[in-house]
Structure formats: structure tokens, C-alpha cells
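Enquirer: Counting along the sequence shown from 1, when you hit position 17 you're at 16 in numbering that gives the first Met the number 0, and nothing is skipped either side.
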Amino acid sequence: MSSVESGYVDVNDTTIYYEIAGEGDPIVLVHGFTLDTRMWDDQFTEFSKRYRVIRYDVRGFGKSSVPEEGKPYSHSRDLKELLDHLNIKKTCVIGLSMGGSLAINFTLEYPDCVSSLITVDSVVNGYRLTSDFREWFFSLFDIARESSVESAKEAFMNGALFGSAMKNSLVADRLRGLIGSYSGWRFVNDDPQESLDPSPNDRLREMRART
Numbered sequence: 000m001s002s003v004e005s006g007y008v009d010v011n012d013t014t015i016y017y018e019i020a021g022e023g024d025p026i027v028l029v030h031g032f033t034l035d036t037r038m039w040d041d042q043f044t045e046f047s048k049r050y051r052v053i054r055y056d057v058r059g060f061g062k063s064s065v066p067e068e069g070k071p072y073s074h075s076r077d078l079k080e081l082l083d084h085l086n087i088k089k090t091c092v093i094g095l096s097m098g099g100s101l102a103i104n105f106t107l108e109y110p111d112c113v114s115s116l117i118t119v120d121s122v123v124n125g126y127r128l129t130s131d132f133r134e135w136f137f138s139l140f141d142i143a144r145e146s147s148v149e150s151a152k153e154a155f156m157n158g159a160l161f162g163s164a165m166k167n168s169l170v171a172d173r174l175r176g177l178i179g180s181y182s183g184w185r186f187v188n189d190d191p192q193e194s195l196d197p198s199p200n201d202r203l204r205e206m207r208a209r210t
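1) Closest by CA to Asp-111, which one among Leu-82, Leu-34, Ser-168, Asp-9?
2) By the 10 Å Cβ neighbour count, where 16 or more other Cβ atoms means buried, how is Pro-66 classified, buried or exposed?
3) State the DSSP-derived secondary structure class of Glu-145, mapped to helix, strand or coil.
4) Is Thr-33 near the ligand FAD - that is, is its Cβ less than 7 angstroms away from at least one heavy atom of it?
5) Which ranges does the alpha helix (DSSP H) cover as unbroken runs of at least 4 residues, wholly within the segment 145-209, from first to last along the chain?
6) Measure the beta-carbon distance from Thr-33 to Ile-178 and round it to whole angstroms, keeping in mind my assumption that it falls under 8 angstroms.
7) Comparing alpha-carbon positions, which option in Lys-62, Phe-60, Ala-20, Gly-61 lies nearest Lys-48?
8) How about Val-119 and Ser-100: are their beta carbons less than 8 angstroms apart?
9) Among the residues of its own chain, which have a CB less than 6 angstroms from the CB of Ile-142, if the five just before and after it don't count?
10) On a CA-only basis, which of Pro-199, Arg-51, Ser-130, Lys-79 is nearest Val-3? Give me that one, please.
11) Is the beta carbon of Asn-92 sitting closer than 8 angstroms to the one on Arg-144?
12) Start and end of the beta strand (DSSP E) containing Leu-28?
13) Using alpha carbons as the reference points, say which of Phe-46, Arg-127, Ile-117, Ser-64 lies closest to Asp-201.
14) CB Ser-115 to CB Arg-207, shorter than 8 angstroms?
15) Quick one: Cα of Ala-164 to Cα of Ser-1, how far?
16) What's the call for Ala-102, buried or exposed, on a 16-neighbour Cβ count within 10 Å?
17) Is it right to say Asp-56 is buried, meaning 16 or more other beta carbons lie within 10 angstroms of its own, or is it exposed?
18) Any idea which residues DSSP pairs Asp-9 with across the strands?
19) Provide the residue span of the alpha helix (DSSP H) that contains Arg-76, from first to last.
20) Taking its Cβ as the centre, do 16 or more other Cβ atoms sit within 10 Å of Ser-194, making it buried, or is it exposed?
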């Protein structure tokens with residue numbers, strides 16, 4: 000793999016950690032909930048052979064700063080300012096789960112910055128999830144507040160969401176390492192993240208990027 004540049008950049012009143020490697024058309028990798036840049040280790044290595052690949056820790060995760068309670072912010076603005084710092088005008092954006100939701104929002108808010116969009120197992124904000132899933136997911140926050148963050152992370156890993164992944168010992172070990180190191184900030188704090196209005200679920204027809 001080509002040499003990796005890593006660093007921190009102050010954007011949108013926070014500090015974001017990022018890594019960048021390779022040459023060519025840019026690709027941004029956005030990680031899932033409770034995860035961080037390390038979830039992309041394999042893809043980062045492979046894609047950087049042909050592309051300029053950027054991965055970063057979303058605000059509140061990994062090495063990036065956590066949000067300030069009561070101070071609204073936008074993940075999309077964080078990403079836009081990171082790209083401005085790196086002098087990247089247009090990029091492919093790839094996101095997993097929460098990262099895919101963020102990528103969809105970013106594509107709607109900054110359409111001229113997105114050459115193509117790839118979402119993996121992503122929720123579209125505004126889409127109504129099944130009651131069973133909502134009940135399970137929000138129970139994790141209750142567990143964190145009433146018991147401990149560690150208990151919530153364990154319940155998260157043991158849920159149906161990771162059922163098939165946990166059957167593969169190599170994947171399970173990596174997931175436990177990633178999720179185990181998560182600070183748990185989102186489990187026990189009110190996240191002042193701004194929401195799009197109208198919701199992305201009602202605006203998908205606006206998207207023009209190859210998806």
C-alpha cells in the first residue's frame with residue numbers, strides 16, 4: 000500500500016481524525032455506529048492501489064472529538080469541511096449503516112460534491128423502521144443508562160444485527176475489538192445532531208449522483 004497520511008483537522012467547531020492514501024479519483028469511507036476508521040482496513044489497503052482513499056472517524060467516534068451537549072452540529076458539514084481541507088472538490092462516498100445514512104444526507108446537502116454514492120445496509124432517515132427493531136435498538140440506550148455502557152455494547156454485539164457476522168470467528172474478533180473500544184458517548188448522552196427537514200426519505204428523488 001502507498002504511504003498513509005494521517006492527522007487531525009479542526010472543522011465545524013470540532014476535531015476530526017482522518018487518514019488518506021493512494022492516488023487517483025477520490026473515495027471517502029464512512030464507518031458504522033460504534034465503529035471507526037479501522038473497520039475499513041481491508042478496503043483502505045485495496046482501494047488505495049487505484050484511488051485516493053480517505054477514511055475518517057465521524058464526530059463522537061474513534062479518535063474524533065465527541066459532540067458538545069446542547070450545541071447543534073451537522074455530520075454533513077463536518078465531512079464537507081474535511082474535504083475542503085484536503086482540497087477535494089468531488090468524490091465517491093461509501094458508507095456502512097450509520098455511515099450510509101450520513102452519506103445519503105451529504106449527497107442531498109452537497110450534490111455537487113458527490114460523483115457517486117454507495118450505501119451498505121443503510122437506514123434512510125425518515126423511513127419508519129419496524130417496531131421490533133426500534134424497540135431493540137432503543138433498549139440499548141436504556142441498558143447503558145440503567146446498567147453500563149459495557150452492557151449496552153455487549154447487547155448490541157449479541158443482537159440479530161450481527162448474528163451472521165458473529166458466526167465467523169475472525170469477523171467476530173474484529174467486531175468485538177472495534178465495538179469494545181467505543182467510548183459509548185452516544186449511548187448515554189443526548190446527541191444534538193441536526194436533522195434534515197424534509198427528511199431524506201422524502202427527498203430521494205432529488206438525488207442525481209450515480210448510486
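By construction, the Cβ of each residue, glycine as well, lies at the ideal position given by its N, Cα and C atoms. Remember, it's a predicted structure, so these values are computed and weren't measured experimentally.
Expert: If we stick to the structure as given:
1) Leu-82
2) buried
3) helix
4) The ligand FAD is absent from the structure shown, which contains no ligand whatsoever.
5) 148-156, 168-179, 184-187
6) 5 angstroms
7) Ala-20
8) no
9) Ser-150, Ala-151, Ala-154
10) Arg-51
11) Note that residue 92 is Val in the sequence shown here, rather than Asn. Not a contact, by the Cβ cut-off of 8 angstroms.
12) 25-29
13) Arg-127
14) no
15) 30 angstroms
16) buried
17) buried
18) Thr-14
19) 74-84
20) exposed
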